[in-house]
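Heads up: the sequence shown is residues 1 to 70, going by UniProt numbering.
Below: one structure, written as structure tokens.
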Amino acid sequence: ANGLNTIIPTKNVSAVLGQRIGMSSIDILEVQRYYGCVPIPIPSAAVHQQNTIFMSSTISMGILLILLLH
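Printed below as a string of structure tokens:
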């Protein structure tokens with residue numbers, strides 16, 4: 001909150017870092033491990049198809065909420 005950049009790209013200073021579409025599969029695993037939750041299987045079609053990004057991110061956010069409220 002001090003106005004300074006947290007991460008600064010070294011090669012392409014105009015690069016956009018991060019994404020806001022949803023959680024990655026690694027993000028989900030890390031949250032599950034942190035809270036000691038049993039992994040919830042996600043249908044592979046929802047994760048692996050490019051045209052289901054919105055669906056997989058919605059599922060990911062739902063899983064995060066379930067894990068946080070667990």
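Each residue gets a CB set at the ideal place from its N, CA and C atoms; glycine is no exception.
When DSSP states are grouped into helix, strand and coil, Arg33 belongs to the helix group. When rounded, the separation of the alpha-carbon atoms in Val16 and Cys37 is 32 Å. Pro9 and Tyr35 have their C-alpha atoms spaced approximately 32 Å apart.
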